[in-house]
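What follows is a single structure, written as structure tokens, with notes after it.
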Amino acid sequence: MKLRVGEIVTLKHYSAKRSNRGIISNSFDNNVVIKPERDFLIYNFFDSDPVVIGFENDNVVNICESTVKHVDYNQNTFTLTINHIQSITNKRLTQRFPVSLCAYILSRNTRVFSYIRNISLDGLALCSRQEFKKGDILTINTKIENIELTFEAQVVWKSISEIGFEYGLVYYMPEDEFSKTIERCLEFLKMDQELSISRLKYEFEPLRRISQRKSIMN
């Protein structure tokens, strides 16, 4: 499934509580160039940041796990690399869910900034400049909507990224109440994406038609 030039999409980034919007101005390989609806938004995006793209295709809501590849301040655009696309319409969340969440690793009275790229009922993918070893148990603090979460997770794999390290973690000895909370958070994230894209379809349909008309004229 390809994102089309002229497509209006939602953009979820850890710098903002709510989704923003943008238009796809170019597409090549597994990359898309997006112009955000507000010029200043590009200054919140940095290389390798996780961004969740939301769009609708044939009445099916889809979300993309993506990362920032390049920010063009002159053109007011940024390029995203698409890592994974999945449909969330009429489906229960059992696999990883793409997110862009700010998080902190609590270690020796310090808070190490990191961000979460995806999350599931079993674990998460997390990026940080700090290096940890496979098998390490980390204490992580993050917030999903108004729910603050502090939990332990064990590193099961690690890889080197452009700005540091990416880790795959599983929750360490989670209690039943924590598992239920994570499930509620995932259901909220799904509902929030569906609502954002529903509003997008209503508010931006006129803009979509104008964009398509300009594309035909050019």
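In full-length UniProt numbering, the protein residues as written are 1 to 218.
Backbone N, C-alpha and C fix where the C-beta goes; we use that ideal spot for every residue, glycine too.
Assuming residue 23 and residue 12 form a contact by the criterion Cβ under 8 Å, report the distance between their Cβ atoms to the nearest whole angstrom. Taking the sequence shown and counting its residues from 1, one reaches residue 23 at position 23. Taking the sequence shown and counting its residues from 1, one reaches residue 12 at position 12. The Cβ separation is near 16 Å, so there is no contact.
Starting from the Cα of residue 172, find the closest Cα among 155, 163 and 164 and give me that residue. As a first step, residue 172 is located in the sequence shown; it is residue number 172 there, counting from the start. Looking at the Cα atoms, 155 is the closest of the given residues.
Given this structure, state the Cα-to-Cα distance separating residue 49 from residue 68, to the nearest angstrom. Counting from 1 along the sequence shown, the entry for residue 49 is found at position 49. Counting from 1 along the sequence shown, the entry for residue 68 is found at position 68. Rounded to whole angstroms, residue 49 to residue 68 spans 5 Å at the Cα level.
Tell me the DSSP secondary structure of residue 113 in three-state form. Position 113 of the sequence shown, counted from the first residue, corresponds to residue 113. Judged by DSSP in its simplified three-state form, residue 113 adopts strand.
Helix, strand or coil for residue 188, going by three-state DSSP, please let me know. Taking the sequence shown and counting its residues from 1, one reaches residue 188 at position 188. Residue state, collapsed to three classes: helix.
Quick check: the Cα distance between residue 141 and residue 174, rounded to an integer number of angstroms? Here residue 141 refers to the residue found at position 141 when the sequence shown is read from its first residue. Here residue 174 refers to the residue found at position 174 when the sequence shown is read from its first residue. About 15 Å.
Cut-off 6 Å between Cβ atoms - residues of its own chain near residue 159, not counting five sequence neighbours on either side: If you number the sequence shown from 1, residue 159 lands on position 159. So the list reads 166, once near-sequence residues are dropped.
So which of 143, 21, 109 and 134 has the shortest CA-CA distance to residue 188? One-based indexing of the sequence shown puts residue 188 at position 188. When each option's Cα is compared against that of residue 188, the closest is 143.
What residue from 197, 178 and 119 has the CA that sits closest to residue 168's CA? Position 168 of the sequence shown, counted from the first residue, corresponds to residue 168. Selected option, being the one with the closest Cα: 119.
Should residue 103 go down as buried or exposed, given a rule of 16 or more other Cβ atoms within 10 Å for buried? On the sequence shown, residue 103 is found 103 positions in, with the first residue counted as 1. It counts as buried.
Are residue 47 and residue 137 closer than 8 Å when you measure CB to CB? Mapped onto the sequence shown, residue 47 falls at position 47. Mapped onto the sequence shown, residue 137 falls at position 137. Contact: no.
Cβ neighbour criterion (16 or more within 10 Å) applied to residue 16: Mapped onto the sequence shown, residue 16 falls at position 16. Exposed, because fewer than 16 other Cβ atoms sit within 10 Å of the Cβ of residue 16.
Rounded to whole angstroms, how far is the Cβ of residue 194 from the Cβ of residue 85, which I believe are closer than 8 Å? Along the sequence shown, read from residue 1 onward, the residue named residue 194 stands at position 194. Along the sequence shown, read from residue 1 onward, the residue named residue 85 stands at position 85. Not quite, the Cβ-Cβ distance comes to about 16 Å (not below 8 Å), so this is no contact.
Can you look up residue 167 in the DSSP assignment and give me helix, strand or coil? Residue numbering aside, residue 167 sits at position 167 when the sequence shown is read from its first letter. Here residue 167 sits in strand by DSSP.
To the nearest angstrom, how far is the alpha carbon of residue 31 from that of residue 82? Residue numbering aside, residue 31 sits at position 31 when the sequence shown is read from its first letter. Residue numbering aside, residue 82 sits at position 82 when the sequence shown is read from its first letter. Those two C-alpha atoms are separated by around 6 Å.
Could you pull out every residue in the same chain whose Cβ sits closer than 7 Å to the Cβ of residue 196, ignoring the five residues on either side in sequence? If you number the sequence shown from 1, residue 196 lands on position 196. Within the same chain, residue 196 has close Cβ partners 10, 19 and 54.
So, are the CB atoms of residue 221 and residue 99 less than 8 Å apart? The first residue shown for the chain is 1 and the last is 218, placing residue 221 beyond what the model contains.
Is residue 33 near residue 77, with beta carbons less than 8 Å apart? Here residue 33 corresponds to residue number 33 of the sequence shown, with the count starting at 1. Here residue 77 corresponds to residue number 77 of the sequence shown, with the count starting at 1. It is a contact, given that the beta carbons lie within the stated cut-off.
Endpoints, beta strand (DSSP E) assigned at residue 17: As a working note, residue 17 is residue 17 in the sequence shown. Here residue 17 belongs to no beta strand (DSSP E), and DSSP marks it neither H nor E.
In whole angstroms, give me the CA-to-CA distance for residue 122 and residue 101. Walking along the sequence shown from the start, residue 122 turns up at place 122. Walking along the sequence shown from the start, residue 101 turns up at place 101. So the alpha carbons of these two residues sit roughly 17 Å apart.
Between the CA atoms of residue 152 and residue 126 - distance to the nearest angstrom: On the sequence shown, residue 126 is found 126 positions in, with the first residue counted as 1. On the sequence shown, residue 152 is found 152 positions in, with the first residue counted as 1. Going by C-alpha positions, residue 126 is about 13 Å away from residue 152.
Go through its chain and collect everything with a Cβ distance to residue 241's Cβ below 7 Å, but skip five positions before and after it. Given a span of 1 to 218 for the chain in the structure shown, any question on residue 241 remains unanswerable.
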